[in-house]
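Working notes for the structure below.
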Amino acid sequence: MNKLTRMLVSTTSALALALAAGGLSIPASGPPSHLDFGCAQPAQARSFYDAMLFHPRTEFRHNPDTVGGVAKRDVTFKAPDGSRLRGWYFDLPGSDKIVLVSEGNGGNMDYLTTLAEMLMQCNASVLLYDYEGYGQSEGRPSLRRVVNDGVAAYDYMSKNLAEKKKIVLLGVSLGTGVTSQILAQRKADAVILSSPFTSLLDMARLKIGYFKYIPTIALPRQHLDNVAAMRKEHPPLLILHGTDDELIPLSQSEALFASASTPKTFVKLDKAGHNDTFRLTKEAYLQALKDFFATLN
4 MNKLTRMLVS TTSALALALA AGGLSIPASG PPSHLDFGCA QPAQARSFYD
54 AMLFHPRTEF RHNPDTVGGV AKRDVTFKAP DGSRLRGWYF DLPGSDKIVL
104 VSEGNGGNMD YLTTLAEMLM QCNASVLLYD YEGYGQSEGR PSLRRVVNDG
154 VAAYDYMSKN LAEKKKIVLL GVSLGTGVTS QILAQRKADA VILSSPFTSL
204 LDMARLKIGY FKYIPTIALP RQHLDNVAAM RKEHPPLLIL HGTDDELIPL
254 SQSEALFASA STPKTFVKLD KAGHNDTFRL TKEAYLQALK DFFATLN
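By the count of our numbering, the sequence shown reaches residue 300 at its end, each step adding exactly one.
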């Protein structure tokens, strides 16, 4: 394998680890010498990106029948490639808003029931869904597919569930990039980005010292660029980020907030990391949601 290909494969591996749930160390000196993918060419090396970036979990830890006293409704819809996607809908009686939640990387929708309960305390119904390959959803995830899955979830929700409710898009970690791409293609009344990054490319530049040597042609076209999306006109925006996030640093949200157009709100969650935000700062997180939703009424 030539040096360029080896460097590309190493870069995608490192970026995958940077966004995976686990806080693993990222190599900064150069591609590990032990990597060997035979005679792979740069175009083939790009195909490793999705396999290394995504860390889906198929098993459910809890799979509750109810959350916050609201019964779970199993829903099914199709992705553009025909894969059957699964979701959980929590229809809060009397709610005037509905929230589409796009998940992070290292879990599935079963990890987001605490968030769903908080959203229902803000008088909102909630649709959780799993990307292809996550939970019980069919298929395999890729940068292109997760965005398409998000748009498919939106279309299902708006046609079958939203009625006259205000639509709120919420993304967590990797899902913030999916949320921004949904917003670029569909309408919403508000958007919430929890532990976001500026873009995947910025994360790579931040975590990987030799990334600047990778030619653009060798990189995926889909960069999940939150900055580009939020610089444009958008509905009210709420950004939440833990001050002690070890995976996606607070500085990413600070840069995103600075570049975003108005209206916008930024809430820093004191001492929260990346994977413990809902547990460590539940009261502060919930209050931020309540304050934000109050502005939408």
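Just so it is clear, CB atoms sit at the ideal spot from N, CA and C, and this is done for glycine as well.
None of these values were measured; they are calculated from a predicted model.
Candidates the options: closest to residue i by CA position
| i | options | result |
| --- | --- | --- |
| S98 | Y137, V171 and M55 | V171 |
| M233 | H277, L289, K271 and S264 | S264 |
| L241 | G174, V150 and R148 | G174 |
| G90 | A261, T69, Y134 and M55 | Y134 |
| F57 | L95, T284 and V149 | V149 |
| K274 | K267, D294 and Y288 | Y288 |
| D205 | P252, D192 and M55 | P252 |
| L379 | F269, L259, L250 and K235 | Outside the displayed range of the chain (4 to 300) lies residue 379, so it cannot be described from this structure. |
| G85 | G142, L177, L292 and K235 | G142 |
| N278 | S198, Q184 and G178 | S198 |
| L88 | N229, V154, A119 and V230 | V154 |
| D158 | S176, I185 and T179 | I185 |
| Y92 | L146, N111, T117 and M160 | M160 |
| Q188 | E236, G276, Y132 and D53 | E236 |
| T117 | P266, L299 and L283 | L283 |
| K267 | P238, D248 and T246 | P238 |
| G276 | A261, D248 and E257 | D248 |
| G245 | T280, A207, S145 and L146 | T280 |
| L303 | A261, D53 and G72 | Summary: the structure shown does not reach residue 303, with the chain confined to residues 4 through 300, and so no result is reported for it. |
| A261 | Q290, K285 and A231 | A231 |
| P144 | M55, Q290, N300 and Y216 | M55 |
Residue i, DSSP secondary structure in three states
| i | result |
| --- | --- |
| A191 | coil |
| R208 | helix |
| Q290 | helix |
| F296 | helix |
| L283 | helix |
| K100 | strand |
| L227 | coil |
| D53 | helix |
| R143 | coil |
| Y92 | strand |
| L186 | helix |
| S197 | strand |
| A74 | strand |
| L253 | helix |
| R87 | strand |
Rounded distance between the beta-carbons of residue j and residue i, thought under 8 Å
| i | j | result |
| --- | --- | --- |
| D113 | N66 | 6 Å |
| L209 | H226 | Incorrect: roughly 14 Å between the Cβ atoms, too far for contact. |
| L95 | A127 | 7 Å |
| F200 | Q255 | 5 Å |
| V102 | L122 | 5 Å |
| K100 | K168 | 5 Å |
| C125 | L292 | 5 Å |
| A119 | V181 | Wrong, their Cβ atoms sit about 17 Å apart, outside the cutoff. |
| L259 | N229 | 6 Å |
| A156 | L130 | 7 Å |
Contact with chain C by residue i, beta-carbon distance below 8 Å
| i | result |
| --- | --- |
| K168 | Included in the structure is just one protein chain, with no chain C present. |
### Query
Do the region 76–83 and the region 101–118 touch if we need at least three Cβ pairs shorter than 8 Å?
Result no; under three Cβ-Cβ pairs closer than 8 Å.
### Task
At 3 residues or longer, and completely inside the region 257–281: list those beta strand (DSSP E) runs for me, N to C.
Here the runs fully enclosed are 267–272.
### Message
With a threshold of 8 Å, are at least 3 pairs of Cβ atoms found where one atom belongs to the region 137–153 and the other to the region 59–67?
### Response
Yes, since at least three Cβ pairs between the region 137–153 and the region 59–67 fall closer than 8 Å, the two stretches touch.
### Query
Would you say the region 192–206 touches the region 157–166, given that touching needs at least three Cβ pairs under 8 Å?
Between the region 192–206 and the region 157–166, the count of Cβ pairs shorter than 8 Å is below three; the stretches do not touch.
### Query
What are the start and end residues of each continuous beta strand (DSSP E) run of 3 or more residues lying completely inside the region 148–184, in chain order?
If we require 3 residues or more, the beta strand (DSSP E) runs fully inside the region 148–184 come out as 169–175.
### Message
Just to confirm the assignment: which complete alpha helix (DSSP H) runs, minimum length 4, are found wholly within the region 99–135?
### Response
Qualifying alpha helix (DSSP H) stretches, in chain order: 116–123.
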